[in-house]
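Asks:
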Amino acid sequence: MKCWVALPFCVCCMKYTLAAKVLLICLLLSVLPFSMANLNIFRPPQSNQPDCDGWAQKLVGKTLIRNNEESSLSGDQIFHTKDLPRNHRVLPPGGVMTMDYRPERLNVYVDENNKVKSVGLG
(Lines of atoms letter the chains of each structure in order from A and count residues from 1; the text may use other names and numbers.)
(Lines give C-alpha, C1' and ligand atoms only; values in the text may rest on other atoms or scores of the structure.)
Protein backbone atom coordinates (compact mmCIF):
# COMPACT_ATOMS: atom_id res chain seq x y z
CA MET A 1 0.00 0.00 0.00
CA LYS A 2 1.45 3.36 -1.08
CA CYS A 3 1.29 6.22 1.44
CA TRP A 4 -0.37 9.32 0.07
CA VAL A 5 -0.36 11.30 3.31
CA ALA A 6 2.11 14.22 3.41
CA LEU A 7 2.56 13.94 7.16
CA PRO A 8 5.89 12.98 8.69
CA PHE A 9 4.63 9.63 9.93
CA CYS A 10 2.14 7.39 8.16
CA VAL A 11 -0.22 5.76 10.64
CA CYS A 12 -1.36 3.04 8.24
CA CYS A 13 2.20 1.81 7.40
CA MET A 14 3.82 2.80 10.69
CA LYS A 15 6.78 4.26 8.75
CA TYR A 16 8.26 7.66 8.15
CA THR A 17 7.03 9.08 4.88
CA LEU A 18 9.23 10.24 2.04
CA ALA A 19 8.36 13.85 2.89
CA ALA A 20 9.67 13.35 6.43
CA LYS A 21 12.91 11.78 5.19
CA VAL A 22 13.52 14.62 2.73
CA LEU A 23 12.76 17.20 5.42
CA LEU A 24 15.15 15.52 7.86
CA ILE A 25 17.97 15.43 5.30
CA CYS A 26 17.43 19.12 4.45
CA LEU A 27 17.51 20.07 8.13
CA LEU A 28 20.71 18.12 8.74
CA LEU A 29 22.42 19.64 5.73
CA SER A 30 21.47 23.17 6.78
CA VAL A 31 22.55 22.77 10.43
CA LEU A 32 25.76 20.77 9.93
CA PRO A 33 27.97 23.58 8.55
CA PHE A 34 27.06 25.86 11.46
CA SER A 35 27.81 23.23 14.08
CA MET A 36 31.15 22.38 12.45
CA ALA A 37 32.16 26.06 12.37
CA ASN A 38 31.98 26.21 16.17
CA LEU A 39 34.68 23.58 16.61
CA ASN A 40 38.03 25.16 17.25
CA ILE A 41 40.39 22.47 16.08
CA PHE A 42 44.09 23.31 16.39
CA ARG A 43 44.86 26.46 14.47
CA PRO A 44 48.33 27.85 15.09
CA PRO A 45 48.41 31.61 15.62
CA GLN A 46 49.19 33.93 12.75
CA SER A 47 52.75 35.17 12.45
CA ASN A 48 51.66 38.75 13.16
CA GLN A 49 50.82 37.97 16.81
CA PRO A 50 52.80 39.85 19.42
CA ASP A 51 55.84 38.41 21.16
CA CYS A 52 53.68 37.53 24.18
CA ASP A 53 55.89 39.34 26.71
CA GLY A 54 59.05 37.68 25.39
CA TRP A 55 57.73 34.11 25.52
CA ALA A 56 58.05 33.60 21.77
CA GLN A 57 61.75 34.38 21.91
CA LYS A 58 62.21 32.11 24.95
CA LEU A 59 60.26 29.12 23.64
CA VAL A 60 60.10 28.85 19.83
CA GLY A 61 62.44 26.11 18.63
CA LYS A 62 62.93 24.54 22.06
CA THR A 63 61.57 21.20 23.24
CA LEU A 64 59.17 21.24 26.20
CA ILE A 65 59.83 18.62 28.83
CA ARG A 66 57.99 17.81 32.03
CA ASN A 67 59.59 18.51 35.37
CA ASN A 68 60.86 14.96 36.04
CA GLU A 69 61.69 14.02 32.44
CA GLU A 70 65.24 13.30 31.37
CA SER A 71 66.49 14.58 28.05
CA SER A 72 69.60 13.99 25.96
CA LEU A 73 69.28 17.52 24.53
CA SER A 74 71.46 20.34 25.81
CA GLY A 75 70.14 22.94 28.25
CA ASP A 76 69.63 25.62 25.60
CA GLN A 77 67.46 23.26 23.50
CA ILE A 78 64.93 22.43 26.23
CA PHE A 79 62.43 24.31 28.38
CA HIS A 80 60.80 22.88 31.51
CA THR A 81 57.01 23.18 31.77
CA LYS A 82 57.38 24.22 35.42
CA ASP A 83 58.99 27.45 34.19
CA LEU A 84 55.97 28.41 32.08
CA PRO A 85 53.54 30.99 33.48
CA ARG A 86 50.88 29.64 35.83
CA ASN A 87 48.11 30.29 33.30
CA HIS A 88 49.18 28.36 30.20
CA ARG A 89 48.18 25.44 28.00
CA VAL A 90 50.24 23.27 25.68
CA LEU A 91 48.45 22.45 22.42
CA PRO A 92 49.63 19.45 20.38
CA PRO A 93 48.95 19.04 16.64
CA GLY A 94 45.30 18.29 15.99
CA GLY A 95 44.44 19.11 19.58
CA VAL A 96 41.04 20.54 20.40
CA MET A 97 40.89 23.65 22.55
CA THR A 98 38.09 25.38 24.37
CA MET A 99 36.56 28.50 22.85
CA ASP A 100 36.95 30.67 25.96
CA TYR A 101 39.29 33.60 25.39
CA ARG A 102 41.62 34.53 28.22
CA PRO A 103 44.00 37.32 27.22
CA GLU A 104 46.40 36.48 30.04
CA ARG A 105 46.72 32.78 29.10
CA LEU A 106 49.78 31.65 27.14
CA ASN A 107 49.05 29.08 24.42
CA VAL A 108 52.09 27.02 23.48
CA TYR A 109 51.76 25.19 20.13
CA VAL A 110 54.04 22.15 19.83
CA ASP A 111 54.71 19.53 17.15
CA GLU A 112 54.68 15.72 17.53
CA ASN A 113 58.09 15.80 19.25
CA ASN A 114 57.01 18.47 21.76
CA LYS A 115 59.11 21.12 19.99
CA VAL A 116 57.56 24.59 20.29
CA LYS A 117 56.38 25.93 16.93
CA SER A 118 54.68 29.13 18.10
CA VAL A 119 53.03 30.84 21.05
CA GLY A 120 49.99 33.04 21.39
CA LEU A 121 47.72 34.64 23.97
CA GLY A 122 44.16 33.58 24.58
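Every letter in the sequence shown is one number past the one before it in numbering that gives the first Met the number 0, and letter 73, counting from 1, is 72.
C-beta atoms are modelled at their ideal positions from N, C-alpha and C, and glycine is treated no differently.
What you are looking at is a predicted structure, and each value in this text was computed from that prediction instead of being measured.
Determine the closest residue to Tyr100 out of Lys116, Asp82, Gly121, Thr62, with distance taken between C-alpha atoms.
Replies: Gly121
Asks: Out of His79, Ser73, Leu58, Val89, point me to the one whose CA is closest to Asn66's CA.
Replies: His79
Asks: Start and end of the beta strand (DSSP E) containing Leu105?
Replies: That run of the beta strand (DSSP E) goes 105 to 109.
Asks: Give the DSSP bridge partners of Ile115, in chain order.
Replies: In the sequence on display, residue 115 carries Val and not Ile. Looking at the DSSP assignment, Val115 forms a beta bridge with Val109.
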